[in-house]
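Structure first, commentary second.
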Amino acid sequence: MAVKTPLSRDSNPLSEAEALREHINRALATSPPSGLEEKLIYRLSKFWFRPELHNTDRLPDRPCLFIGNHALFGLDGFVILPVLLEEYGRFLRPMGDKFLFSQPGVAKTLLRRGATMGHPDVARALMAHDQDILVFPGGAHEAVKPSRDRYQLQWKERLGFIRLAAEFGYTIVPFGLVGPDEFYEYLLDSEQVVKLLKQYGFWSDNMRPDAIPPLLRGALGTPLPRPQASYLSFGEPLTLPPPTKRAPSVKQLRAWRSTVAERIDQEIADMLLRREQSRHTLGILRRLANV
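Using the numbering used here, read the sequence shown as starting at -14 and increasing by one per residue.
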């Protein structure tokens, strides 16, 4: 009998109806972070990651579903969330992989910061209460992707996020983020780590290879992320039609998904170019820390 762990394929903290209801209730009761802790996180993000925001005039003044490329280890949240909350008053509710919520202490902290588990019923509850939602359709796999896949969407055939947006007539805001994929230097890709675990007998067939992190090195060889400047750009929003009794076809859902992906890819390309044009602005200390 396979032993269940947070990385087991069949591990699901919200598999019971009562647990799901409690999670939804706690998520809806969460207020935007404030106070000294939030100010410190914002200031640290501004100092360490130097986030540059572009095309903010495209942000609608209504609740939206924000969709973009997932960064290594999900560190995009340290760039996107505090800046949008502090500078634009947007409290985005990031939806994360189920294994992140397997430990009660970690789940409590994530919920307190506004994060929720990526479950359709949780998303429906947030949309019904007009919340800004942040999703990364690439999921855990995109957060531990090999170095060769930097800034490439790993969505496979997922349509759930588009289907939910269509169900509520939500506006989708695509965005591209450049920088966080290089907060760390790869020593071993996640695929290589899985291979070693199998080789030395530490692997179970019930484990999820898409949740195994790569082996990395940060600033000056430490666990700290390298102080890479980050560039966040918002694409043209996609406003879906008001919901009707007849659900959109799979063909239509795929067309919308392709439109969103194309707009994200364009913003990523623009921000990669913007970064190249800005390299001369980096100070010597920041350059050394990125070695």
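Note that the Cβ used here is the ideal one computed from N, Cα and C, for glycine as well.
Keep in mind that this is a model prediction, so the values were computed, not measured.
Assigned secondary structure, residue i (DSSP; H/G/I helix, E/B strand, else coil)
i	result
residue 211	coil
residue 172	strand
residue 159	strand
residue 78	strand
residue 63	helix
residue -12	Residue placement at residue -12 cannot be trusted, given a pLDDT of 44 that sits under 50; what the coordinates show is reported in the next sentence. Coil at residue -12, not helix or strand.
residue 55	coil
residue 86	helix
residue 38	strand
residue 15	coil
residue 27	helix
residue 224	strand
residue 73	helix
residue 32	helix
7 Å Cβ shell around residue i - same chain, five flanking residues per side excluded
i	result
residue 242	144, 147
residue 11	96
residue 115	48
residue 132	171, 174
residue 75	69, 117
residue 86	-2, 92, 95, 102
Where residue i falls, given that 16 or more other Cβ within 10 Å makes a residue buried
i	result
residue -14	Annotation note: pLDDT 41 at residue -14 (below 50); position unreliable, no value reported.
residue 28	exposed
residue 167	buried
Whole-Å CB distance - residue i paired with residue j, under 8 Å assumed
i	j	result
residue 161	residue 253	4 Å
residue 119	residue 65	7 Å
residue 30	residue 63	6 Å
residue 34	residue 204	Rounded, the Cβ-Cβ distance is 12 Å, inconsistent with contact.
Proximal residues to residue i (C-beta, below 8 Å), its chain only, five neighbours per side dropped
i	result
residue 227	154
residue -12	Since pLDDT at residue -12 reaches only 44, below the 50 mark, its modelled position is unreliable, and the value read off the structure follows with that caveat. Here the set comprises 189, 191.
Residues of its chain near residue i, where Cβ-Cβ distance is below 6 Å and the 5 sequence neighbours each way are ignored
i	result
residue 202	170, 172
For a minimum of 3 consecutive residues, which ranges assigned as the beta strand (DSSP E) are wholly contained in the region 89 to 152?
Secondary structure within the region 89 to 152: the beta strand (DSSP E) runs of 3 or more consecutive residues, fully enclosed, are 117 to 120 (chain order).
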